[in-house]
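Here the sequence shown is numbered in this note's numbering, starting from 483 and rising by one per residue.
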Amino acid sequence: MKDLKDVQLFDLYGALLTKSRRGVCALYYLCDLSLSEIAEEKGVTKQAVSDCIARSRAQLLSFEEKLGFARTLQQIAARHPELGEEIAELVSATGGKED
483 MKDLKDVQLF DLYGALLTKS RRGVCALYYL CDLSLSEIAE EKGVTKQAVS
533 DCIARSRAQL LSFEEKLGFA RTLQQIAARH PELGEEIAEL VSATGGKED
(Lines of atoms letter the chains of each structure in order from A; the text may use other names.)
(Lines give C-alpha, C1' and ligand atoms only; values in the text may rest on other atoms or scores of the structure.)
Protein backbone atom coordinates (compact mmCIF):
# COMPACT_ATOMS: atom_id res chain seq x y z
CA MET A 483 0.00 0.00 0.00
CA LYS A 484 1.37 3.35 -1.01
CA ASP A 485 1.47 5.89 1.77
CA LEU A 486 0.00 9.28 0.88
CA LYS A 487 2.89 10.95 2.70
CA ASP A 488 5.37 9.18 0.39
CA VAL A 489 3.45 10.39 -2.66
CA GLN A 490 3.46 13.93 -1.29
CA LEU A 491 7.20 13.77 -0.63
CA PHE A 492 7.76 12.49 -4.17
CA ASP A 493 5.68 15.39 -5.50
CA LEU A 494 7.77 17.87 -3.53
CA TYR A 495 11.26 16.40 -3.85
CA GLY A 496 11.10 13.96 -6.78
CA ALA A 497 13.06 16.32 -9.00
CA LEU A 498 16.00 15.96 -6.60
CA LEU A 499 16.27 12.21 -7.20
CA THR A 500 18.46 10.80 -9.93
CA LYS A 501 16.74 10.38 -13.28
CA SER A 502 16.70 6.59 -12.84
CA ARG A 503 15.21 6.70 -9.34
CA ARG A 504 12.75 9.39 -10.35
CA GLY A 505 11.58 7.22 -13.25
CA VAL A 506 11.02 4.15 -11.06
CA CYS A 507 9.25 6.19 -8.38
CA ALA A 508 7.04 7.90 -10.97
CA LEU A 509 5.91 4.51 -12.25
CA TYR A 510 5.27 3.34 -8.69
CA TYR A 511 3.69 6.41 -7.11
CA LEU A 512 2.09 8.22 -10.04
CA CYS A 513 1.25 5.41 -12.48
CA ASP A 514 0.40 2.95 -9.71
CA LEU A 515 2.34 0.09 -11.30
CA SER A 516 3.29 -2.93 -9.22
CA LEU A 517 6.89 -3.85 -8.47
CA SER A 518 6.62 -6.70 -10.98
CA GLU A 519 5.27 -4.43 -13.70
CA ILE A 520 8.05 -1.90 -13.14
CA ALA A 521 10.68 -4.65 -13.11
CA GLU A 522 9.41 -5.99 -16.41
CA GLU A 523 9.34 -2.53 -17.99
CA LYS A 524 12.82 -1.64 -16.74
CA GLY A 525 14.34 -5.08 -17.41
CA VAL A 526 15.46 -5.59 -13.81
CA THR A 527 14.43 -7.81 -10.94
CA LYS A 528 11.51 -7.12 -8.65
CA GLN A 529 14.02 -6.93 -5.78
CA ALA A 530 15.99 -4.22 -7.62
CA VAL A 531 12.81 -2.17 -7.97
CA SER A 532 11.95 -2.68 -4.31
CA ASP A 533 15.47 -1.62 -3.27
CA CYS A 534 15.30 1.44 -5.51
CA ILE A 535 11.97 2.54 -4.03
CA ALA A 536 13.19 1.93 -0.47
CA ARG A 537 16.36 3.96 -1.07
CA SER A 538 14.43 6.70 -2.82
CA ARG A 539 11.91 6.85 0.03
CA ALA A 540 14.75 7.19 2.55
CA GLN A 541 16.25 9.97 0.45
CA LEU A 542 12.90 11.76 0.17
CA LEU A 543 12.44 11.53 3.95
CA SER A 544 15.95 12.95 4.40
CA PHE A 545 15.11 15.88 2.12
CA GLU A 546 11.98 16.58 4.16
CA GLU A 547 13.91 16.32 7.42
CA LYS A 548 16.44 18.87 6.18
CA LEU A 549 14.19 21.20 4.19
CA GLY A 550 10.75 20.77 5.78
CA PHE A 551 8.63 21.91 2.83
CA ALA A 552 5.84 19.37 3.44
CA ARG A 553 5.68 20.25 7.13
CA THR A 554 5.55 23.96 6.30
CA LEU A 555 2.79 23.47 3.72
CA GLN A 556 0.77 21.43 6.23
CA GLN A 557 1.13 24.18 8.82
CA ILE A 558 0.00 26.82 6.33
CA ALA A 559 -2.95 24.66 5.24
CA ALA A 560 -3.97 24.14 8.88
CA ARG A 561 -3.89 27.88 9.58
CA HIS A 562 -5.49 28.88 6.28
CA PRO A 563 -7.93 26.21 5.08
CA GLU A 564 -9.05 28.54 2.32
CA LEU A 565 -5.64 28.03 0.68
CA GLY A 566 -6.04 24.23 0.44
CA GLU A 567 -6.57 24.16 -3.32
CA GLU A 568 -3.70 26.55 -3.99
CA ILE A 569 -1.35 24.50 -1.83
CA ALA A 570 -2.37 21.28 -3.58
CA GLU A 571 -1.72 22.93 -6.96
CA LEU A 572 1.67 24.16 -5.77
CA VAL A 573 2.68 20.68 -4.60
CA SER A 574 1.54 19.02 -7.83
CA ALA A 575 3.33 21.62 -9.94
CA THR A 576 6.69 21.03 -8.24
CA GLY A 577 7.18 17.28 -8.39
CA GLY A 578 7.62 14.54 -10.93
CA LYS A 579 9.27 16.74 -13.55
CA GLU A 580 11.41 14.86 -16.05
CA ASP A 581 14.65 16.38 -17.33
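We put the CB at the ideal spot given by N, CA and C, even for glycine. Values in this document were obtained by computation on a predicted structure and should not be read as measured data.
Under 9 Å between C-beta atoms of Cys507 and Gly496: In the sequence shown, counting from the first residue as 1, residue 507 sits at position 25. In the sequence shown, counting from the first residue as 1, residue 496 sits at position 14. Taking 9 Å as the Cβ cut-off, Cys507 and Gly496 qualify as a contacting pair.
C-beta atoms of Arg553 and Glu564 nearer than 9 Å: As a working note, residue 553 is residue 71 in the sequence shown. As a working note, residue 564 is residue 82 in the sequence shown. Result no, Cβ atoms of Arg553 and Glu564 do not sit closer than 9 Å.
Can you look up Ser502 in the DSSP assignment and give me helix, strand or coil? As a first step, residue 502 must be located in the sequence shown, where it is residue number 20. Helix, per DSSP.
Pull up the distance between the alpha-carbon of Ala570 and that of Gln529, whole angstroms please. For the purposes of this step, residue 570 is identified with residue 88 of the sequence shown, where counting begins at 1. For the purposes of this step, residue 529 is identified with residue 47 of the sequence shown, where counting begins at 1. Approximately 33 Å, taken between the alpha carbons.
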